[in-house]
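J.: Please see the structure below; I have some questions.
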Ligand code: NAD
Ligand code: UD1
């Protein structure tokens, strides 16, 4: 059992990770400034696990607020989810993204160093691969970013790698997530997008519950199974379990590892839409539109390294992902309140 600080622990992926950590026997401390989540998520975590994590409402941009957490708790490892994640917004407001995702993260790493806590799992993204030369994507593929959000992910990877070079007693896991969707089986925690969603499944969920009229399918002229874009959707609970495997690995190994967390399978926009229709039991209207600028045709993970290094692989299928997303949407029509 370890004492684990989860930054961004009331957020979408962080809350699912808290549940899995607690169920695996770890002690969880949550740090979040509640910019994109609600404190009541902690009660939901308690409802699922029987344990309410200790909570610090703190901002990673304020180094003293992070220091207080380390002063008051002997932290063994950090899982660092806190940050901003909207690609479009990062193009419009790059400084805000660099301030939170870079300066905020450096504050965290400084304090970890100060307190001798040198084990970290970082939320990176498949976005660091840019437009990959082929699929499935392996961890040793070239990296290249096309927007400030992606750059903050890549820069954090570089910062943490440099830190390990300067002091080999650090343990760093850089987890590159593919497309997380779905929700906990209980329907108590899940994704609550801010405003009109940009991402596919949150958008479909709102078409299914009648909040939005129809899905706009961004292009059907890609070289894919049906012409629509293909992505590697991964159930958020599988993703959360990947973090348990990663933190367990990091607690017993030194150095840096980059690991893809995906299923290794790609689904097209229309395949996801049809799976969601099955989940919600109705036909969902859509219109084919022009391609969305910056989109790529196909993106899915090579999952070999996660299997070999962490002994982890995803188990939920696309029907499970849509079913749990729909269950959460029905149970929380106005988000988590
Ligand atoms: P989320 O917005 O639900 O969670 C992020 C949490 O960080 C929120 O609870 C928010 O309140 C908190 N936060 C934001 N700024 C903060 C600050 N300055 N100080 C303290 N807390 C702050 O997002 P998520 O989907 O759970 O993503 C978690 C991490 O995974 C992010 O780093 C994101 O970039 C990364 N990621 C997400 C996806 C995805 O599709 N959801 C894909 C790849 C990588
Ligand atoms: C986006 C982000 C990426 C992030 C990922 C997961 C961009 C350019 N990239 O990737 O950085 O890591 O989300 O959060 O924003 N689609 C539609 N109609 C919609 C929405 C999406 O057809 O209303 C299609 C897209 O064209 C794409 C697929 O659905 O083919 C998935 O889109 P989305 O959920 O936005 O994820 P990504 O584009 O993979």
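Numbering (our numbering), first residue to last: 1151 to 1487.
Glycine included, C-beta positions come from ideal geometry on N, C-alpha and C.
Inspect the CB distances between the segment 1343–1359 and the segment 1291–1306 and report whether three or more fall short of 8 Å.
T.: At 8 Å Cβ cutoff, the stretches do not touch.
J.: Where DSSP assigns a beta bridge to residue 1329, which residues make up the other side?
T.: Paired residue(s): 1383.
J.: Which value, in whole angstroms, describes the spacing of the CA atoms of residue 1493 and residue 1230?
T.: Not covered by the structure: residue 1493. The range shown for the chain is 1151 to 1487.
J.: Determine contact between the segment 1262–1272 and the segment 1387–1403, defined as no fewer than three beta-carbon pairs at a distance below 8 Å.
T.: Result yes; three or more Cβ-Cβ pairs closer than 8 Å.
J.: Cβ atoms of residue 1251 and residue 1306: under 8 Å apart, would you say?
T.: A contact, by the Cβ cut-off of 8 Å.
J.: For residue 1399, name the three-state secondary structure that DSSP assigns.
T.: DSSP places residue 1399 in helix when its eight states are reduced to three.
J.: Give the DSSP-derived three-state secondary structure of residue 1405 in the structure shown.
T.: Here residue 1405 sits in strand by DSSP.
J.: Check for me: the beta strand (DSSP E) holding residue 1269 runs from which residue to which?
T.: 1269–1275 is the span of the beta strand (DSSP E), which, as asked, contains residue 1269.
J.: Using the rule of at least 16 other Cβ atoms within 10 Å of the residue's Cβ for burial, across every protein chain shown, is residue 1471 buried or exposed?
T.: Buried, by the Cβ-count rule.
J.: Closer than 7 Å: is that where the CB of residue 1333 sits relative to any heavy atom of the ligand UD1?
T.: No; taking the cut-off as 7 Å, the Cβ of residue 1333 has no heavy atom of the ligand UD1 nearer than that.
J.: For residue 1433, which of helix, strand or coil comes out of DSSP?
T.: Three-state DSSP puts residue 1433 in coil, outside helix and strand.
J.: Specify, as a first and last residue, the run of the beta strand (DSSP E) that residue 1193 falls within.
T.: Counting along the chain, residue 1193 falls outside any beta strand (DSSP E), though it belongs to the alpha helix (DSSP H) covering 1191–1199.
J.: Quick one: grab the DSSP three-state call for residue 1294.
T.: Residue state, collapsed to three classes: coil.
J.: Check whether the Cβ of residue 1211 sits closer than 7 Å to any heavy atom of the ligand NAD, and report yes or no.
T.: For the ligand NAD, at least one heavy atom lies less than 7 Å from the Cβ of residue 1211.
J.: If you draw a straight line from the C-alpha of residue 1172 to the C-alpha of residue 1424, how long is it?
T.: Residue 1172 and residue 1424: Cα-Cα distance of roughly 35 Å.
J.: Taking residue 1465 as the reference, give the member of 1388, 1156, 1192, 1337 with the closest Cα.
T.: Of the candidates 1388, 1156, 1192, 1337, the one whose C-alpha sits nearest the C-alpha of residue 1465 is 1388.
J.: Considering only the alpha carbon of each residue, which of 1414, 1312, 1246 lies closest to residue 1381?
T.: Closest by alpha carbon: 1414.
J.: Specify the secondary structure class of residue 1320 as computed by DSSP and reduced to three states.
T.: In this structure, residue 1320 counts as coil in the three-state DSSP scheme.
J.: Between the segment 1401–1415 and the segment 1319–1339, do at least 3 Cβ pairs fall closer than 8 Å?
T.: Taking 8 Å as the limit for Cβ pairs, the verdict is that the segment 1319–1339 does touch the segment 1401–1415.
J.: How would you call residue 1319, buried or exposed, if buried means at least 16 neighbouring beta carbons within 10 angstroms?
T.: Its Cβ having fewer than 16 others within 10 Å, residue 1319 is exposed.
J.: Measure the beta-carbon distance from residue 1332 to residue 1419 and round it to whole angstroms, keeping in mind my assumption that it falls under 8 Å.
T.: Not a contact, Cβ separation roughly 17 Å.
J.: I need the straight-line Cα distance from residue 1376 to residue 1367, nearest angstrom please.
T.: Answer to the nearest angstrom: the Cα atoms are 12 Å apart.
J.: Using 8 Å as the Cβ pair cut-off and three pairs as the minimum, do the segment 1220–1235 and the segment 1282–1294 touch?
T.: The segment 1220–1235 vs the segment 1282–1294: no contact.
J.: Tell me residue 1207's beta-bridge partners as DSSP assigns them.
T.: Note: residue 1207 sits in a beta bridge opposite 1182.
J.: For the ligand NAD, I want to know if residue 1450 counts as a neighbour, meaning its beta carbon is within less than 7 Å of at least one of the ligand's heavy atoms.
T.: Every heavy atom of the ligand NAD is 7 Å or more from the Cβ of residue 1450, so no.
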